[in-house]
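Notes follow once the structure below has been shown.
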Amino acid sequence: MSVNNKIIKIINSAVIEINVSNLFNKEEQLAKLKGELVCIENEIKRSKDILNNQQFLAKAPPTKVEIEKQKLEKYQNQKKLINAKIKEL
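Numbering (the working numbering) for the sequence shown: 4 to 92.
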C-alpha cells in the first residue's frame with residue numbers, strides 16, 4: 004500500500020513503513036527525465052523525417068517502411084510515459 008510518499012506493508016503483526024520521498028533526489032530525477040525526453044523527441048523527428056521522405060518511401064521495401072512506422076509509434080508512446088512521470092514529480 005502507498006500513502007503520501009510512504010510504502011506501508013503489514014507482515015504478520017508488524018507494520019513496515021518506508022518514506023520514499025527521501026529515497027531519490029527530485030531535481031536529479033527531473034533532469035534525467037528531461038534528458039530522456041530530448042532524446043526521444045530527436046528520435047521522433049528523425050522517424051517523421053524518414054517517413055516524410057518521398058524518395059525513401061519510393062525505394063524502401065514495405066517492411067522497412069513498416070518498421071520505421073512502428074519505431075515512431077514506440078517513440079511517441081515513450082514520450083507520453085516520460086511526460087507522465089515528469090508530471091508525477
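We put the beta carbon where it would ideally sit given N, CA and C, even for glycine.
- Query: Can you list, in chain order, the residues of its chain whose CB lies under 8 Å from that of Y78, leaving out five sequence neighbours each side?
  - Reply: Within the same chain, Y78 has close Cβ partners I43, E46, I47, S50.
- Item | Range of the contiguous alpha helix (DSSP H) that encloses L92 | Following the DSSP letters along the chain, one finds L92 in no alpha helix (DSSP H), marked with neither H nor E.
- Closer than 7 Å by C-beta to L92: which residues in its own chain qualify, once you throw out the five before and the five after it? Chain order, please. Contacts found: K29, Q32, L33.
- Considering only the beta carbon of each residue, do P70 and L36 sit closer than 7 Å? At residue 70 the sequence reads Ile, which differs from the Pro that was named. Cβ distance not < 7 Å, so I70 and L36 don't count as in contact.
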